[in-house]
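Heads up, the sequence shown is in our numbering, so the first residue is 1 and it goes up one at a time. Note that beta-carbon positions come from the ideal geometry of N, C-alpha and C, so glycine has one too. Let me begin by presenting the structure, written as structure tokens, before commenting on it.
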Amino acid sequence: MVTQSEQVLENGLIKTLKEMNYEYISIKEEENLYANFKIQLEKHNKKELALHNREHFTDKEFGKICIYLEGGTRFEKAKKLRDLYPLETEDGQRIWVEFLNKHKWCQNEFQVSNQITVEGRKKCRYDVTILINGLPLVQIELKKRGVELKEAYNQIQRYHKTSFHGLFDYIQLFVISNGVNTRYFANNPNSGYKFTFNWTDADNIPFNDLSKFAYFFFDMCNLGKMISKYIVLHEGDKCLMILRPYQFYAVERILERVQNSNKNGYIWHTTGAGKTLTSFKAAQLVSEIDGIDKVMFVVDRHDLDTQTQSEYEAFEPGAVDGTDNTYELIKRLSGESKIIITTIQKLNCAITKDYYNKYLQKVRHKKVVMIFDECHRSHFGDCHKNIVKFFSNLQIFGFTGTPIFVENAKQEHTTTEVFEECLHRYLIKDAIADENVLGFLVEYYKSKDETGVEYTNVTRMREIAKFILANFNKSTFDGEFNALFAIQSVPMLLQYYKIFKELNPKIKIGAVFTYAANSSQDDEQTGMNQGFTNENVTADELQSIIDDYNKMFGTSFSTENFSAYYDDINLRMKKKRKDMEPLDLLLVVGMFLTGFDAKKLNTLYVDKNLEYHGLLQAFSRTNRVLNEKKRFGKIVCFRDLKSNVDASIKLFSNNQPNEIIIRESFEKVKEKFNELSLKFKEKYPDVQSIDQLKSEYDKRDFVLAFREIIKKRAEIQIYEDFDEEDEGLVLSEQEFMDFRSKYLDITIGNTNIPTTVSPSAGETETPPYGNDDRTLDDIDFCLELLHSDIINVAYILALISDLDPSSNDYQEKRQQILDTMIKDAVMRNKAKLIDGFIRQNIDNDKDRFTKSKVDGSMDLESRLTSYVSQERYKAIQNLAAEEDIDEQALTTFLNEYDFLQKEKSPIIQEAIKKKKIGLKQRQILLKRIIGKLRTIIQLYNWE
């Protein structure tokens, strides 16, 4: 049987699109692309042109439009696409040029083309391109059936580096397919394959087949709607985001209900599925409906921390009412603000107190739509009564990942009683199947003697604390991730914190909790007429913990500014800011167990009774998707919660089997790992066999095979029962490390491709063998799975400081440092730099190095910083000379990147403008220089 080729797949897709009334246009070169763009733009702006008694733009006017479109970042270009351009014509008139009709999205000009050739740093031909009003807004990359879909994704990432420029910077979304699997994603380079999505129907049944996907997704009105309404411009990260299908259906259901009835409703989307984005997009679009006076997005005050406020502002600038002043809310409600974000506590205060609500008499009778986040919260019932009673023309919608049912109501109202009908469901089983959230590895720890021991027994707690410290690096991949410890009560938390301090941990531990002003002061001596065990009240204990935190991080918080302390913990736990030292382990009672969203959190330790929505909410802190290394959220329970876990997952999965959500046992995973290892060793019996691989085809097969070993090993090694010395493993630790070295040897040549190499004119990328176009360039090597955060600058400097140039084993230990770096996927390319540093500071200056060790004056960190700066400056000088470009511009670009962690390509664009070369040559040069600057950043910027 002959496998369907990529060409057949491409022809079939074009045929389908033509049947859907797309106009086919043959565009072979960029010049044809611009010529077609002019024709389509004139066609789309026909009415506007007619108002000025004309049908066309002059060549000079079209040139103005092209220059306007050329400037700016990809994010700024996405804004330009959606804005009108005031064109000053040659005859002194002003024409408002529209690039996209985002309100009547069906009324755009749709075309399809294929094999458009574009010359950037490399000359590339793109498979299928959808043009809207002449602009290439959708790019489709195809692979023949049987080829891994990720290779199409990798090809697009390579195009970002080597090819995309000009009008192709206006691409809004990509689609990749091998015929049987099809996914889409926004034009947000290097966001990761895990942020590509399949399309589904409203019941979450996927449309993976390309033809089925095309008939729905590429329907002209649907595609126009997706680009116009459901691509989000995220102001915070300056990037494009696109809604996933379940988010799309949820928003559509809310819009439909607002437009056609006064009924309420709620959305059940599992925790971690992006409810904030969904609810905000719903709020934005509802606010655009005629007849809607106010849209309020209502959250719990505990969720509206500083970080969350900035995330909300990224979606809807100026909408957040983040103050504690209720009059600010009154002002917004009675003013022109159409979208308002506030807390349920402040809203309740505003409508129940006469001295506030007297200012709201006008708005109370207007059409108000309220969207409630986390609407399962227990306090919502009382506030709901007050809100519904006050507003006379109100429609409410709720979002929750864990609704309140009869089973978990505990005398509260169920979610259905409050919000009526569930409008859309996307459950945890759906999210795990789609890889939008991770499953859970739940392990139960039993102490040496659980018989009759109370949970608050100090011996038991000390044993658990020791276990956590011994286990931490294993669970968190040497601290790359961090952990929460959920504890039953504040007194138990304080005891645990004291025990951890006594154990002198190497990791950074903090704690946070709320307390009542007049909480019970009973302790173990209550009733014995012997006074208190401790004279401190809870506030004093919290201040003591905050004092430790201040010493650890150089901060100055107190219980008086608790909210600032909370916000600082929030940021350190999220591990987003490189200028902030992270917190490794956070002890909590209730805080951070709901609403907290951190991709770098992967472990939850539990010594607390959890059930139903509280249990799933707490577990779900760990299951955000990040990368290949984070395969699941790890839960370690110090109490027997198995029946509670089973009941909770059953309730919130509509009685689906738990196996979908809870990871397999260690024994089953080990069995699968051994089966995979046996199959691998049949083909590659020993490490010497890798040296016999000569062709790229053979090396690629080895890489693909060993990559599966790496992935499975990353999964199995996080289990508590895993022991790398286990004789029951088919692939021993030594064998794994040997094959790993060969794997990295092949990898290093394909992740550090020289940026100066470019094919000659007319040359295109051709496969190195037969019709199979997969190359090593297309493969994701999953290097993050082979990197340890322990191998960092501090670690390497510690090894260097231990060197003794006069000892007999100096050369051996020196080489061990370089070998340690070479074995680490991320540090590997820096080994040469460290070799030069050792040569300069020890080999060529032994006396000074030895003397500084003796008198304590050695400051290796400063020396390394100086050395790296010098080497980076040399690299900048070389690049400036190679490309004949202003050295200061290169330096400014790198300094801006160091400060903002974002590339500012306009700096290089301005420098290139000084060179007397054409537009096309400028674009090629820009891509090449940016590529070389990225190499400099990667090599010389260290954490």
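Residue environment for SER163: buried (at least 16 other C-beta atoms within 10 angstroms of its C-beta). The beta-carbon distance between ILE65 and PHE75, rounded to whole angstroms, is 20 Å. This is too long to meet the 8 Å contact definition. ALA202: not part of any beta strand (DSSP E); DSSP gives it neither H nor E.
Taking all protein chains shown into account, GLN172 has 16 or more neighbouring C-beta atoms within 10 Å of its C-beta and is therefore buried. MET241 is bridged by DSSP to VAL232. The DSSP-derived three-state label of SER620 is helix. In its chain, beyond the 5 residues on either side, LEU493, TYR496, LEU587, VAL588, VAL589, ASP607, LYS608 have a beta carbon closer than 8 Å to the beta carbon of ILE487.
Distance from the CA of HIS613 to the CA of GLU502, rounded to the nearest whole angstrom, comes to 35 Å. Straight through space, the alpha carbons of ILE746 and ASN895 are spaced by roughly 33 Å. Secondary structure at GLU883: helix, using DSSP grouped into helix, strand and coil. Secondary structure at ALA273: coil, using DSSP grouped into helix, strand and coil.
Distances from the CA of ASP804 to each of VAL388, LEU277, VAL854 were compared; the closest alpha carbon is that of VAL854. For PHE673, same chain residues with a beta-carbon under 6 Å away, outside a window of 5 residues either side, are LYS712, ILE716 in chain order. The Cβ neighbour count for TYR355, taken over all protein chains shown within 10 Å, is under 16; the residue is labelled exposed.
By the beta-carbon neighbour count (other beta carbons within 10 angstroms, threshold 16), ILE917 is exposed. For the 8 Å CB-CB criterion, THR182 and ASN222 do not form a contact.
The beta carbon of THR514 is closer than 7 Å to those of MET591 in its chain, skipping five residues each way along the sequence. The residues ARG125, in chain order, have a CB closer than 6 Å to that of GLN115 in the same chain once the five nearest residues on each side in sequence are set aside.
Residue pairing by DSSP puts SER177 in a beta bridge opposite LEU142, THR182. Restricting attention to MET461, ARG253, ASN408, the CA atom closest to the CA of HIS424 is found in ARG253. Per the coordinates, the alpha-carbon of VAL406 lies some 11 Å from the alpha-carbon of LEU651. Judged by DSSP secondary structure, SER648 falls within the alpha helix (DSSP H) whose first and last residues are 642-651. Proximity of the segment 36-54 to the segment 231-246 falls short of the contact definition, fewer than three beta-carbon pairs being nearer than 8 Å.
GLU19 and GLU109 have their C-alpha atoms spaced approximately 15 Å apart.
The beta-carbon separation of VAL298 and ASP382, rounded to 14 Å, does not stay under the 8 Å limit for a contact. Rounded to whole angstroms, the Cβ separation of ALA250 and ILE267 is 5 Å, and the two are in contact under 8 Å.
Shortest Cα-Cα distance from GLY265 to any of ARG54, VAL369, LEU360 involves VAL369. Residues of the same chain with a CB within less than 7 Å of the CB of THR352, apart from the 5 flanking positions on each side, are ASN386 in chain order. Runs of beta strand (DSSP E) with 3 or more residues, each lying fully within the segment 831-916, are absent.
Cβ-Cβ separation between ASN602 and LYS630: approximately 6 Å, consistent with a contact (criterion under 8 Å). Taking C-beta atoms as the reference points, ILE930 and ILE908 count as a pair closer than 8 Å. For the options ASP597, ASP884, LYS346, the alpha carbon positioned closest to that of GLY272 is the one of ASP597. The alpha carbon of VAL286 has as its nearest neighbour, out of LYS275, GLU256, THR270, GLY274, the alpha carbon of GLU256. Taking the C-beta atoms as reference points, VAL437 is found no nearer than 8 Å to THR594. Using a 10 angstroms sphere on the CB of TRP105, the tally of other CB atoms reaches 16 or more, which defines it as buried.
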